[in-house]
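Q: Starting off with a structure, shown below.
Residue numbers (this note's numbering), protein chains in the order written: chain A, 1 to 224; chain B, 1001 to 1224; chain C, 2001 to 2224; chain D, 3001 to 3224; chain E, 4001 to 4224; chain F, 5001 to 5224.
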C-alpha cells in the first residue's frame, strides 16, 4: 500500500484555521465534544508555540525520512506536516535543513509520532515541533512510504486536509468538514469563559457560578 | 467514604512555611531525614518556581474535577491544592479558569498526581503546578470525592494542613507538627552548606573537607 | 572489581574537543558513521547548552555518590564527569555543592544515567547536566565504586578519556583515538550542510538537490 | 458524536475468518503487507490462545463500561469485542460476569486498549482477552459511548466487521473486504514456510536457501 | 525515623481474613467502595495464587534487605510481608532462602514495591509474591529501616495489621477495623453475582437484568 | 563499522558453562561480585527455562534481521545468540523458522534487546528467548550489521565468547576468562546456601544464623 503521493487535497478555509489557533487545544477539544486529541506523549520542543494548519500526512517506514522530502514538494502555505511511522520509532527524522526547506514553502510546523533532532536550531528558527522524542539518531533514505493518505498518529486518525491545532497542552485534530462548526462552538465557549474568568477573579465561586450546590447536596456531600 | 468536606484544618505558621520555601526541596528533604518526597514523576509545568504552603487535599474520582470547585471555597491564603485521583489518570483536571479562582483566594499553587491543561496561560499567570502529565483532555463534574481528608499522592501520604514544599527538584511534604523543627534543621543545613560552598569554590576538595580519605583507604580504595 | 581509581588517563587535544562542540551531537554522530549515541532518555536540565570534553568516568553503586568526591580530585580542565550507576536508580546524586567543587576544577558538565537535584541552582550557575531524572531524593556515602574505568552509560560503552559531546539533541561519545578524524569529517559535513541550507531557504527542493527523483520513480512511487 | 448503536454490520465469511486464525498474527501481518498490527502493549491474559473473529467495536468513555452491556446485545456467533476508550485508561472494564454473558452469545474474545479484571476466572472459563493492563479497579455506568462505529484501538484503525486475529504475538486487524485475499496470501506463505522449516531443520542455512550470499558480498560483508 | 521495630500489632480475625481470600481482589475492592487498590504495576510472579493475610510492614532503604531478616522474627501464622522501599528500586530484595525462613514461620506471601529473584524456586515452593519487577540484582545489609510502621506501598497507605488480599487482578488493602464489615459486603456481592451469572449464562442480557434500557433511552442512545 | 563477521571466537569450556547453568543467574551474579546483569527489561517468553552458553553476538540495524541469518552459519553447539539493535526497536526479529535453523546448529537460546514473534511456536519447540518485547511486527533484510563484535545489550557489554546465563530472574554475562573462577565461587555459594536453607526451614532465624543482632543493636535499632 506504500508508494503513493496524493497531490490533490481539500483544505479548510485559512480564516477558520487561524481562528482555531486562537482558541487553542483545550478549548477546541471541548468544543468538538472531547474528541480528536493525540496521545499525551506528543510534546512541544519549546514552550509557548500555538499553531493551526492543514494536515499534510506522511506514512513513513521506521528510521527512514525519505518521504519527508517528497512531502515538502506538496506543501502549501498554512500546512502542517504530520508524520506517523509504520512501526514505533524514536529516531530523529527531522532537523534544521528539512525545517529550512519546509519554512520556505510556508509550512507552519511538524507533528511527528517519533523523534526529531537539531532542536536548538529549530527553536532559534521558530519552527515548532510536537514529537514523542528528541534524539540525535538519524535516519536513512531507502524505503517508500506514502504522502497524503489517512494515518493513525499518536492514537488519532488523521486524514489529509484535516485541521491540526497544537499548543503546550498537546495536539488536536479537527475533521476538515467540521472545522467551521467547531470554530463557531469554540468561539461561544471562549466568550463564555472570558465572562467567567472575570467573575472568578473577583472571588465569586465556581460552586455558585455554575449552580453546583443543589446537585452536590442531592448527591449527599457533607460539610463537617 | 467519598462525599466529605472537612472545613476545620490546622495549618503551620506562615513564617515557618515561608522559611521552608527558601531552603527548597532537596535541603528540606535531607533535613527531615530523607522522608516525604513525592514520586519523581511529579514535574513543574515551568522552571524556577519554588513555593511552600499548607496542603488543602482533594480526593477526586478519575476524570472528574468537581471537587476542585468545592475545595476552592475552603482555600485560605498560603494554601496549596493537592489532588490525588482515586485511580490512575492523566486527564487535564485544571486550567486557567480554576487558577483564576484559586489565585483570587490566595492559593500558591497546585500539586496533582494527574494532568493539567492551559499550561501556556498558567505560565503567563505565574500559577505554578507540579503534575505527572500535561494533557488537554478535560474532565466531567459527575461524581463526589472528598476535600481535606488524608490522601496518598504520588506515593506519599499527605494530611490536610501538612506543609508542601515544591521546586524544580520535585515536591516534598513536611508533617504539620514537625514543620518548625524541620525548618530549624534546614536552617542549620543551609548555613553549613554555605560555608562548604565557599571552600569548594576555592578549589578545596570534598575528600579533605569531609575527612573522607581515611575511611576510603580503610575500605580498600586503590589509586593506580 | 569496585574500589579502583585510575589516575593516568590520556585525553584528546583540547582544540579538537572544542571543535567537536561547535558541530554538535547530530553532526558528530553522523560524521562518525552513526555510532556513539547514548539512549534518548538522557535529557539536559536546561535548554541550549552545547559542550564537549574528556570523559572522566565514574562507576557508582545505586544511591551512593561517594565516588563523585573521589572523581573530582582527578578532574582536569576540559573534563566532563560521566556517571553510570551499577543498578537502575533515579536518586539525585549531584547538586550545587558538587557542581561548585567541579567547576573550581575546570569541569564542563555532567552526564549521568541517574538523577540530579538542585537544578534551579545548577541552571543559575550555568553548569550543564544531562540526566535521566531530576529528583530531590539524596544519596549516601557508604560503598566503594571506581573512577576512570570503562562504563556502560545509557546503553553506550565509554572509556576514560573518550570525548563526550552533548547538546539539546542528546549525548554522543567519540573514541579518543578517533577524535581528530571525526572532527575532520564533521567539518566537511557542516560545510556541506551550510551550502544546502542556502539553496533550501531559496525554495529549491531536496528532491532535486539530492537527485532523488529517478530513484523514487524506479522504486515505483506513484503521484495521484 | 457518542450515543449511537449501529445494528447492521457486514461480516467476513466464517470459513475465511477461521482460516486466518490458523495462520496466526505474524503470518497474517506479513501476508497483508505488514499492516494492521495493534501496538505491542496489547498482551494476552493467558498464553497459547489463538483466535479470529469479526470486530464488534465499542467506543467507551474512560472508566465507564456501560456500552459493553449494550454491545453484548449486538453480538453474533464468531464476533470479537473490540473496546477503545476515548481517553487513556487502565481500569478493569470487563470481568467474569460480562464474559459469561458474551460467551452465551457466541463471542470469541475481547481486545481492549484498557484494563480487565477477574483474570483468574476468565482464564478458567477459557475466554481470551488481549489488553494493555490487568487491574481490579472497576468502572461506572454513567456516560454514553457508541457501538459499531470506527475506532482507533491501540494505534490501529478498526471498522466494525473487520477481522481481528490475535495470539501470543499480539493482535492484527484485516479489513473485511480484503479478508479472503489475505487468507489466500497467508495460505501461500504458510505452505512456503513449511517447506523451508524442513530444510532448515536438516541444517541447511537460510544464507543458501534464500540466496543471500551474493548480495551480502556485494554490500561489502567481510568475514575475518 | 528509621530504626524502629513495633512488636505488638493487632490483627483481624483469621476467619474473616480467610473469607476475604475467597472473594478475591475485584469483589473486595468493590465491596469497600472502590478503595484500597495498590498500583497496577504490582504483578504476581506466577498465575492463579489467591491469598489474604495480615500486613507485616517493612520500610526498607533502596537496595538493602536487612530489615526483612528483622521482620521475619515478628511473623505470625497468617501474615503477609509488605515491603515499601524509601526510594524507587527494582533490585531483587527477596529470594528462596528468605522464603524458606518466612514459610517456616507461617507467612503466606510477599507484596513488594520493588524486585524479587529466584522466582523459579519461589514458584516451585508455592510462595506467592506480588512485585513490580523480577530482577537478579541483589541487595546489601548496611542500613536500618523499620518494621511494622505505616508505609505507602505502590501508592496505597498500609498500616501494620491491615488485611491484604492478593490475586491475579492485583493487590488490595482492607483496614483492619473494617475487615468484618467488608467481608460481609463482599459476601452479599458474591451471592448477588452468582445469581446474575446463572441468568447471563442462559443468555439473558445485562441490559434487562440491570434495568438499563430506560436510562439509556433517556440519555439519548440511538439505535440505527 | 558495520559489515564484519568475526569467525574465530574463543569459548569457555562446556563443562564450566553447564555448571554455571545449574546455579542460575542470581547465584552467578552474586558469585562474580554483582556484575554482569542485563537490564530488568529482559524477560523470558516462557517460565522455568534456565540455560547457559557462549555468546555469539549480533549488532543489527533497527528492524532488520539479515545478520541473524549470517550469524546462524557461525553457530557452534552450546552457543546462545545475543542480538543488540543499533537503535531502540521492538520489532519481532526472530520467529519459529530462524529457531528451527538455530536449533539444527545446536543453539541453546536467544537473548535480544528487541522483540520476537511466533512465541507460541517457540514455546512448543522449547527454544528459550529473553527479550524486551513480544511483537508480531516483522523486519526487513536490507542493511548490513556485524557478527561477533563487542555489543552493548540491555545495558551490559558483551564480548563474543563470553558466557551467558539466563533464567526467570533475568540474564547475566560472565567474562570468558573468568568463567572457571566464577563457577568455583558459585559452587561454594550454592553449598553454603543449601546448609542455610535447612536451618531456616527448621525455623532458625537469619538474625541468629548470620549473627546480625549485635550490629543492629549497635546501629540503634529499637524494639518497641
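In this text, a Cβ means the ideal position worked out from N, Cα and C, and glycines have one as well.
1. By the criterion of Cβ-Cβ separation under 9 Å, what are the contact partners of residue 202 (chain A) in chain B?
2. Are any of the Cβ atoms in chain E nearer than 7 Å to that of residue 3135 (chain D)?
3. Measure how close the beta-carbons of residue 1113 (chain B) and residue 1153 (chain B) come, nearest whole angstrom, since I'm counting them as under 8 Å.
4. Residues of chain C with CB closer than 7 Å to the CB of residue 4087 (chain E), please, in chain order.
5. Can you tell which of E:4017, E:4058 and E:4016 has its C-alpha closest to the C-alpha of residue 4149 (chain E)?
6. Work out the CA separation of residue 2047 (chain C) and residue 2012 (chain C) for me, nearest whole Å.
7. Can you tell me whether residue 5224 (chain F) is buried or exposed? The criterion is at least 16 other CB atoms within 10 Å of its CB, across all chains shown.
8. Applying the 10 Å Cβ sphere with the 16-neighbour rule, what's the burial state of residue 1132 (chain B)?
9. Please identify the residue among F:5044, F:5119, F:5089 and F:5096 whose C-alpha is closest to the C-alpha of residue 2039 (chain C).
10. List in chain order: all unbroken alpha helix (DSSP H) runs of 4+ residues lying wholly within the region 5003 to 5047 of chain F.
11. Can you tell me whether DSSP reads residue 5198 (chain F) as helix, strand or coil?
12. In whole angstroms, give me the CA-to-CA distance for residue 5163 (chain F) and residue 5173 (chain F).
13. So for residue 5064 (chain F), helix, strand or coil by DSSP?
14. Let me confirm a value: residue 3125 (chain D) is counted as buried when at least 16 other C-beta atoms fall within 10 Å, else exposed. Which label applies?
15. I'd like to know whether the C-beta of residue 3197 (chain D) is nearer than 7 Å to at least one C-beta of chain F.
16. Considering only DSSP beta bridges, list what residue 3222 (chain D) is partnered with.
17. Are residue 4076 (chain E) and residue 4147 (chain E) touching if we call contact CB-CB under 7 Å?
18. Report yes if the CB atom of residue 2054 (chain C) is closer than 7 Å to the CB atom of residue 2033 (chain C), and no otherwise.
19. Hey, could you find the ends of the beta strand (DSSP E) residue 167 (chain A) is sitting in?
20. Could you please give the first and the last residue of the uninterrupted beta strand (DSSP E) stretch that includes residue 99 (chain A)?
21. Tell me the DSSP secondary structure of residue 4206 (chain E) in three-state form.
22. List the whole-angstrom C-beta distance separating residue 3005 (chain D) from residue 4222 (chain E), where the pair is believed to meet the contact cut-off of C-beta under 8 Å.
23. Does DSSP put residue 149 (chain A) in a helix, in a strand, or in coil?
24. In chain F, which residues lie less than 7 Å from residue 2152 (chain C) when you measure between Cβ atoms?
25. Considering only the alpha carbon of each residue, which of F:5193, F:5023, F:5101 and F:5210 lies closest to residue 3197 (chain D)?
26. Please report whether the beta-carbon of residue 110 (chain A) lies at a distance below 7 Å from any beta-carbon of chain B.
27. What is the DSSP secondary structure of residue 5215 (chain F), counted as helix, strand or coil?
28. With residue 3121 (chain D) as the anchor, note down where its alpha helix (DSSP H) starts and where it stops.
29. Quick check: residue 2043 (chain C) and residue 2024 (chain C), are their CB atoms within less than 7 Å of each other?
30. By the criterion of Cβ-Cβ separation under 8 Å, what are the contact partners of residue 4224 (chain E) in chain D?
31. Under the DSSP definition of a beta bridge, which residues are partnered with residue 5172 (chain F)?
32. Using DSSP bridges, identify the partner residues of residue 53 (chain A).
33. So residue 5087 (chain F) and residue 137 (chain A) are in contact, right, with Cβ under 8 Å, and what is the actual spacing, rounded?
34. Please state whether DSSP places residue 179 (chain A) in a helix, a strand or coil.
35. Starting from the Cα of residue 2141 (chain C), find the closest Cα among C:2026, C:2158 and C:2069 and give me that residue.
36. When the Cα of residue 2167 (chain C) is compared with those of C:2007, C:2015, C:2014 and C:2029, which residue comes out closest?
A: The relevant details are as follows:
1. In the first chain, counting from the first residue as 1, residue 202 (chain A) sits at position 202. Simply 1104.
2. Translated into positions along the fourth chain, residue 3135 (chain D) becomes position 135. It does: the Cβ of residue 3135 (chain D) has a partner Cβ on chain E nearer than 7 Å.
3. Translated into the one-based positions of the second chain, residue 1113 (chain B) becomes position 113. Translated into the one-based positions of the second chain, residue 1153 (chain B) becomes position 153. Going by Cβ atoms, the distance from residue 1113 (chain B) to residue 1153 (chain B) rounds to 5 Å, so yes, they are a contact pair.
4. Translated into the one-based positions of the fifth chain, residue 4087 (chain E) becomes position 87. The answer, in chain order, is 2063, 2091 and 2137.
5. Here residue 4149 (chain E) refers to the residue found at position 149 of the fifth chain. Residue 4149 (chain E) has its Cα closest to that of E:4058, out of E:4017, E:4058 and E:4016.
6. The count along the third chain starts at 1 and reaches residue 2012 (chain C) at position 12. The count along the third chain starts at 1 and reaches residue 2047 (chain C) at position 47. The alpha-carbon atoms of residue 2012 (chain C) and residue 2047 (chain C) are separated by roughly 27 Å.
7. One-based indexing of the sixth chain puts residue 5224 (chain F) at position 224. By the neighbour-count rule (16 or more Cβ atoms within 10 Å), residue 5224 (chain F) is not buried but exposed.
8. By one-based count along the second chain, residue 1132 (chain B) stands at place 132. Buried is the call here.
9. Here residue 2039 (chain C) refers to the residue found at position 39 when the third chain is read from its first residue. It is F:5089 whose Cα lies nearest to the Cα of residue 2039 (chain C).
10. 5014 to 5031
11. Sequence index remark: in the sixth chain, residue 5198 (chain F) carries index 198 (1-based). Residue 5198 (chain F) falls in the helix class under three-state DSSP.
12. Taking the first residue of the sixth chain as position 1, residue 5163 (chain F) is located at position 163. Taking the first residue of the sixth chain as position 1, residue 5173 (chain F) is located at position 173. Straight-line Cα distance between these residues: approximately 6 Å.
13. On the sixth chain, residue 5064 (chain F) is found 64 positions in, with the first residue counted as 1. Three-state DSSP puts residue 5064 (chain F) in a strand.
14. By one-based count along the fourth chain, residue 3125 (chain D) stands at place 125. It is exposed - the Cβ of residue 3125 (chain D) has fewer than 16 other Cβ atoms within 10 Å.
15. On the fourth chain, residue 3197 (chain D) is found 197 positions in, with the first residue counted as 1. Judged by the 7 Å Cβ criterion, residue 3197 (chain D) is in contact with chain F.
16. Looking up residue 3222 (chain D) in the fourth chain gives position 222. Paired residues: F:5004.
17. Locating residue 4076 (chain E) in the fifth chain gives position 76, where the first residue counts as 1. Locating residue 4147 (chain E) in the fifth chain gives position 147, where the first residue counts as 1. Taking 7 Å as the Cβ cut-off, residue 4076 (chain E) and residue 4147 (chain E) do not qualify as a contacting pair.
18. Reading the third chain from its first residue, position 54 is the one you call residue 2054 (chain C). Reading the third chain from its first residue, position 33 is the one you call residue 2033 (chain C). No, the Cβ-Cβ distance between residue 2054 (chain C) and residue 2033 (chain C) is not below 7 Å.
19. Here residue 167 (chain A) is taken as the residue at index 167 of the first chain, counted from 1. Element bounds for residue 167 (chain A): 163 to 167.
20. Taking the first chain and counting its residues from 1, one reaches residue 99 (chain A) at position 99. No beta strand (DSSP E) contains residue 99 (chain A), which is instead part of the alpha helix (DSSP H) from 96 to 104.
21. In the fifth chain, counting from the first residue as 1, residue 4206 (chain E) sits at position 206. Looking at residue 4206 (chain E) - three-state DSSP - the assignment turns out to be helix.
22. Position 5 of the fourth chain, counted from the start, is the residue given in the question as residue 3005 (chain D). Position 222 of the fifth chain, counted from the start, is the residue given in the question as residue 4222 (chain E). Going by Cβ atoms, the distance from residue 3005 (chain D) to residue 4222 (chain E) rounds to 7 Å, so yes, they are a contact pair.
23. In the first chain, counting from the first residue as 1, residue 149 (chain A) sits at position 149. The answer is coil: DSSP assigns residue 149 (chain A) none of H, G, I, E or B.
24. Sequence index remark: in the third chain, residue 2152 (chain C) carries index 152 (1-based). Going along chain F in sequence order, the residues near residue 2152 (chain C) (Cβ under 7 Å) are 5152, 5155, 5156 and 5157.
25. Reading the fourth chain from its first residue, position 197 is the one you call residue 3197 (chain D). Of the candidates F:5193, F:5023, F:5101 and F:5210, the one whose C-alpha sits nearest the C-alpha of residue 3197 (chain D) is F:5101.
26. In the first chain, counting from the first residue as 1, residue 110 (chain A) sits at position 110. Not an interface residue.
27. Sequence index remark: in the sixth chain, residue 5215 (chain F) carries index 215 (1-based). If DSSP states are grouped into helix, strand and coil, residue 5215 (chain F) belongs with the helices.
28. Translated into positions along the fourth chain, residue 3121 (chain D) becomes position 121. Unbroken alpha helix (DSSP H) run through residue 3121 (chain D): 3119 to 3125.
29. Here residue 2043 (chain C) refers to the residue found at position 43 when the third chain is read from its first residue. Here residue 2024 (chain C) refers to the residue found at position 24 when the third chain is read from its first residue. Cβ distance not < 7 Å, so residue 2043 (chain C) and residue 2024 (chain C) don't count as in contact.
30. The residue labelled residue 4224 (chain E) in the question sits at position 224 within the fifth chain. Within chain D, the residues near residue 4224 (chain E) are 3004, 3005, 3006 and 3007.
31. Along the sixth chain, one-based indexing puts residue 5172 (chain F) at 172. DSSP output for residue 5172 (chain F) lists F:5037 and F:5165 as bridge partner(s).
32. Here the question's residue 53 (chain A) lines up with position 53 in the first chain. Answer by DSSP bridge pairing, in chain order: A:164.
33. One-based indexing of the sixth chain puts residue 5087 (chain F) at position 87. One-based indexing of the first chain puts residue 137 (chain A) at position 137. The Cβ separation is near 5 Å, so the contact holds.
34. Taking the first chain and counting its residues from 1, the one referred to as residue 179 (chain A) is at position 179. In the structure shown, residue 179 (chain A) sits in a helix (DSSP, three-state: H, G or I).
35. As a working mapping, residue 2141 (chain C) is identified with position 141 in the third chain. For residue 2141 (chain C), the nearest C-alpha among the options comes from C:2069.
36. For the purposes of this step, residue 2167 (chain C) is taken as the residue at position 167 of the third chain. When only C-alpha atoms are compared, the closest one is C:2029.
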